[in-house]
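Residue numbers (full-length UniProt numbering): 1 to 598.
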């Protein structure tokens, strides 16, 4: 028995209130603290000095990392827990629903407000997965062993100010028997042959659609879980407490899969919680028949799958919790080996029996991931007595849990084939940015970004390569152009039908698929006179290629391709002047044919 208390970051007593938001707000309460009450562990409690204002502010400023601190006396040793919210246990958009007779009765958002993970001060290898929805409940693993903690009585939050008794017990006290050596559900033992039509439908669905993934970081995997709780579990824990209980349970499972001995970062992410009623529970579980029970649960769970792969509640794996005896006495779980991501085989039956059931869920999910029992078909029998998760029998050895070297190897063998675990359900589904950043910003807009309001592209001079550098000027001084010596963004329009790319103005596409109006190039200089003496003609030309006219619907440019003017030199024979005279001598050659407009 122990009475935990809320503390500051240094472990100094604040209050016996440990539940809900009240515990989190203690750090911001009045600076003057009451004297520390005597320790309930029998040891004198060291008096804590009041929390100075600057320390309170510093503690609140660290809330992004740790936001709750508790002291718990465990078998004579005081542990200082440092906790932060586990914001990756429940996926945004997840829901909790109640069903009866396979019909939805009620639905509400699945809230996650009081589930935490963290560590223990002074124990680098320690880990904590705990909730404070109603007292402190969950797993505390120290350097030496693993403990569970839970309130002696539920629903006593209002009475915590004077101290609330909790129960702490070692995990090793609970001996659990997994499935018998021949009881695991291997591929050939699963009765999928009884459902050819259903399998055909599944095959068609897999062929017609591909999961829209929000990819996780390399080396990180997420198992999106549909958690199903049958009526036997609901009645045992109570309707008002069952949601908090199963969230705490899955928080522990998540912590088990974060143990470094696994060698891979796997997240447990709840996308949906279904609590099934009495009659529906009896129809899904056939007492004493684990194979038939699992078959029915998996088939029903497949009917609950969200058909839209991008739906927030689309699941990868089903965890079914029950207190009904689906198998022989002592059977804790039943699951297909290597069933992960399969529409009908990625599910596991788990006998719920308190927080120790978190290890049942982790064990059975391990089978679905491809892990075998330690010591059965592999060389890891030596680790079963040391608390390995995949041991056939949890033995009463005082060791911390861990994943055996065989589990690590078996997981690494199969994990690359589980594509459904690659997406990150917590990554925001933002629209993809444009391929080139300058598509949405003109050069004028980029000038305003660089130099401020009023600036636009410099017009005092033109450059042969407008994409080499972005030159800008202000209307107050249009001939003063300046640059930050950087090019316009790739994708910025630099001419009709062209954009900037790597400092060059290039066509947007080798094959323009849209209409494009033609445009004139600049005039050439006037050429030489058509006569060497007397009156003559000189000409200049321009081309319709800036840009070319494309498609029948685009407009061609209007105006002449070529203009001519008179030229003359002093001569005995007068000539008629048509336009601007020239005093230059006329060579013998004459420009004739203008270029055509394309």
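Ideal Cβ positions, reconstructed from N, Cα and C, are used throughout, including at glycine.
Given a cut-off of 7 Å on the beta-carbon distance, is the pair residue i and residue j in contact?
{"i": "residue 368", "j": "residue 340", "result": "yes"}
{"i": "residue 248", "j": "residue 126", "result": "no"}
{"i": "residue 323", "j": "residue 286", "result": "no"}
{"i": "residue 392", "j": "residue 373", "result": "yes"}
{"i": "residue 273", "j": "residue 225", "result": "no"}
{"i": "residue 321", "j": "residue 334", "result": "no"}
{"i": "residue 110", "j": "residue 95", "result": "yes"}
{"i": "residue 160", "j": "residue 16", "result": "yes"}
{"i": "residue 168", "j": "residue 74", "result": "yes"}
{"i": "residue 338", "j": "residue 414", "result": "yes"}
{"i": "residue 164", "j": "residue 135", "result": "yes"}
{"i": "residue 408", "j": "residue 263", "result": "yes"}
{"i": "residue 458", "j": "residue 494", "result": "no"}
{"i": "residue 235", "j": "residue 400", "result": "no"}
{"i": "residue 166", "j": "residue 21", "result": "no"}
{"i": "residue 424", "j": "residue 222", "result": "yes"}
{"i": "residue 302", "j": "residue 343", "result": "yes"}
{"i": "residue 115", "j": "residue 89", "result": "yes"}
{"i": "residue 410", "j": "residue 354", "result": "no"}
{"i": "residue 154", "j": "residue 241", "result": "yes"}
Where do the N-terminal and C-terminal ends of the beta strand (DSSP E) with residue i fall, by residue?
{"i": "residue 498", "result": "498 to 501"}
{"i": "residue 170", "result": "166 to 170"}
{"i": "residue 483", "result": "477 to 483"}
{"i": "residue 474", "result": "471 to 474"}
{"i": "residue 94", "result": "90 to 100"}
{"i": "residue 15", "result": "13 to 15"}
{"i": "residue 322", "result": "317 to 322"}
{"i": "residue 269", "result": "265 to 276"}
{"i": "residue 504", "result": "504 to 507"}
Quick one: is residue i buried, meaning 16 or more other Cβ sit within 10 Å of its Cβ, or exposed?
{"i": "residue 245", "result": "buried"}
{"i": "residue 284", "result": "buried"}
{"i": "residue 275", "result": "buried"}
{"i": "residue 313", "result": "buried"}
{"i": "residue 603", "result": "Limits of the chain in this structure are 1 at one end and 598 at the other, which puts residue 603 out of reach."}
{"i": "residue 358", "result": "buried"}
{"i": "residue 507", "result": "exposed"}
{"i": "residue 308", "result": "exposed"}
{"i": "residue 477", "result": "exposed"}
{"i": "residue 203", "result": "Interpretation of residue 203 is limited by its pLDDT of 31, a score under 50 that renders its predicted location unreliable; the figure taken from the coordinates is listed afterwards. Counting Cβ neighbours within 10 Å, residue 203 comes out exposed, since fewer than 16 surround it."}
{"i": "residue 489", "result": "buried"}
{"i": "residue 87", "result": "exposed"}
{"i": "residue 327", "result": "buried"}
{"i": "residue 463", "result": "exposed"}
{"i": "residue 470", "result": "buried"}
{"i": "residue 93", "result": "exposed"}
{"i": "residue 289", "result": "exposed"}
{"i": "residue 189", "result": "With a pLDDT of 33 at residue 189, under the threshold of 50, the modelled position of this residue cannot be trusted; read the value that follows with caution. When all chains shown are included, residue 189 counts as exposed."}
{"i": "residue 144", "result": "exposed"}
{"i": "residue 158", "result": "exposed"}
{"i": "residue 208", "result": "Interpretation of residue 208 is limited by its pLDDT of 35, a score under 50 that renders its predicted location unreliable; no figure is taken from the coordinates."}
{"i": "residue 332", "result": "buried"}
{"i": "residue 553", "result": "In this prediction, residue 553 scores a pLDDT of 40, lower than 50, which makes its location untrustworthy; no coordinate-derived value is stated."}
{"i": "residue 26", "result": "Any reading at residue 26 needs caution, since the residue's pLDDT is 46, under 50, leaving its predicted position unreliable; the model's value is listed next. Buried, by the Cβ-count rule."}
{"i": "residue 473", "result": "buried"}
With respect to the alpha helix (DSSP H) encompassing residue i, which residues constitute its N-terminal and C-terminal limits?
{"i": "residue 449", "result": "443 to 451"}
{"i": "residue 495", "result": "Looking at the DSSP string, residue 495 is not in any alpha helix (DSSP H); the run it does join, the beta strand (DSSP E), is 493 to 495."}
{"i": "residue 425", "result": "Neither: residue 425 is in no alpha helix (DSSP H) and is coded neither H nor E."}
{"i": "residue 250", "result": "242 to 257"}
{"i": "residue 300", "result": "290 to 303"}
{"i": "residue 404", "result": "First-last for residue 404: undefined, no H or E at that position."}
Looking at the strands, I want to know which residues DSSP matches up with residue i.
{"i": "residue 146", "result": "141"}
{"i": "residue 523", "result": "Answer by DSSP bridge pairing: none, since residue 523 is not bridged."}
{"i": "residue 117", "result": "84 and 129"}
{"i": "residue 107", "result": "97"}
{"i": "residue 70", "result": "6 and 81"}
{"i": "residue 416", "result": "Answer is none; residue 416 lacks a bridge partner."}
{"i": "residue 348", "result": "319"}
{"i": "residue 227", "result": "273 and 319"}
{"i": "residue 456", "result": "473"}
{"i": "residue 222", "result": "267"}
Next on the checklist: Contact between the segment 124 to 133 and the segment 75 to 94 is defined here as three or more beta-carbon pairs at a separation below 8 Å; is this criterion met?
Outcome noted: yes
Checklist entry - Do the segment 107 to 127 and the segment 287 to 300 make contact, defined as three or more Cβ pairs closer than 8 Å? => result no
Item to check | Cβ contact check for the segment 249 to 259 and the segment 453 to 469: 3 or more pairs under 8 Å | outcome: no
Next on the checklist: With three or more C-beta pairs closer than 8 Å as the rule, is the segment 141 to 157 touching the segment 82 to 101?
Outcome noted: no
Next on the checklist: Pairs of beta-carbons, one from the segment 522 to 532 and one from the segment 480 to 495, closer than 8 Å: are there three or more?
Outcome noted: no
Checklist entry - Hey, is the segment 375 to 387 in contact with the segment 404 to 423, meaning 3+ C-beta pairs nearer than 8 Å? => result yes
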